[in-house]
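One structure below.
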Amino acid sequence: MKKVTILLLALAMLCTCFALAACGDDGETSSAESSADSSAASSATEESSAASSAASSEASSAASSAAASSAAASSEASSETSSATSSGTAAADAQVFWLTHYDLDHEVEGAGIILTETDNTGDWCTHVAFKPVEGETDVWEIAEISLGIMKGGAVKLDVPEGGFVYSINIGNDWPTLYKGDPATYAAQKDEPDYTTQVCTNLGQNIIPTWKVGMKLKIEGLDLTGKTIPTTTPDKKWYDDSSDPYVCTATYTIVG
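So the sequence shown is numbered by this note's numbering: it starts at 137 and just counts up by one.
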């Protein structure tokens, strides 16, 4: 009986040891698995963070590059526009200064006359007095204007010291002016057509927009030698044919 009891106790202790060993193995396995899972999750998080950071960096770099390209393109376009505008303006400012005679003692139809001594032209001309601008070459300031083209009534102007009076008359197209009046037409039909596009545009459309105080740079004047600025001296100033009279004097408004 006593031996049986001891054997049972021994078996019970042995079972207890096996049970404890089994629990220990399960705990270690669970801990290892948990640790592995945690490590894997941590690694996945780090990889995700790294990928996100890389993507963000690439996006930022691409955005910066695009912004730089846009700024460069904008700057280039602005420069080209400015250059084109500047070039266009300069070309638009150059106008013919219709000059066909110097110092006549009377007006001439279709002519542009510079008077350096006395203004002897009439009331159907437009008169513009120019005075020199100190310290400037070929720059003249408008001192006075008297409009007579299309309406008459202009007055003669005094010649400013060191300057001149410019007188322009757009003239008449005599062969067609009186076609409805046989008697007058018979007397005038052999007279020239004094009108030209350049003279008419300057005298009728442009000069009325000029103001006292405006400054013009006029090139092609010869107030001393009084050489007429033309490349067609053999032609009449009112020749407006397909091969017309050419005046080479020009002006640019500079102030």
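Glycine residues also receive a C-beta, built at the ideal position from the N, C-alpha and C atoms.
Residue i, DSSP secondary structure in three states
i              : result
isoleucine 306 : coil
threonine 388  : strand
tyrosine 314   : coil
cysteine 383   : strand
Extent of the continuous beta strand (DSSP E) run through residue i
i           : result
alanine 230 : Per DSSP, alanine 230 belongs to no beta strand (DSSP E) and is neither H nor E.
glycine 248 : 248 to 251
Residues near residue i in its chain [Cβ-Cβ closer than 8 angstroms; skip 5 each side]
i              : result
aspartate 259  : Gly284, Gly288, Gly289, Ala290, Val291
threonine 312  : Asp329
isoleucine 342 : Gln231
glutamate 253  : Asp239, Val295
Spatial neighbours of residue i in its chain, beta-carbon cut-off 6 angstroms, leaving aside the 5 residues before and after
i              : result
glutamate 243  : Thr257, Gly258, Cys261, Asn305
threonine 320  : Tyr314
glycine 298    : Pro268
proline 296    : Ala265, Lys267, Ala279
serine 303     : Ile249, Thr257, Cys261, His263
aspartate 229  : Thr388
aspartate 241  : Asn256
methionine 350 : Ile278
threonine 236  : Ala247, Gly248, Trp373
glycine 316    : none
Cβ separation of residue i and residue j, assumed to be a contact under 8 angstroms, to the nearest whole Å
i              : j              : result
proline 365    : threonine 336  : With a Cβ gap of about 19 angstroms, proline 365 and threonine 336 do not count as contacting.
glycine 307    : glycine 246    : 3 angstroms
leucine 338    : tryptophan 234 : 5 angstroms
valine 239     : lysine 362     : Sequence check: residue 239 is aspartate here, not valine. Between lysine 362 and aspartate 239 the Cβ distance is about 7 angstroms, and since that is below 8 angstroms, they are a contact.
threonine 386  : glycine 356    : 6 angstroms
methionine 286 : glutamine 324  : 20 angstroms between Cβ atoms; not a contact.
Proximal residues to residue i (C-beta, below 7 angstroms), its chain only, five neighbours per side dropped
i              : result
leucine 293    : Asp255, His263, Ala265, Glu280, Ser282, Val301
aspartate 375  : Tyr381
proline 344    : Leu283
lysine 353     : Asp274, Val275, Tyr387, Thr388, Val390
threonine 368  : Tyr381, Val382
tryptophan 310 : Gln324, Glu327, Pro328, Asp329
Problem - 3-residue-minimum beta strand (DSSP E) runs that sit fully inside the stretch 327 to 381, ordered along the chain - result: 351 to 355
Problem - In chain order, each beta strand (DSSP E) run of at least 3 residues that lies wholly inside the stretch 254 to 310 - result: 262 to 268, 275 to 282, 300 to 304
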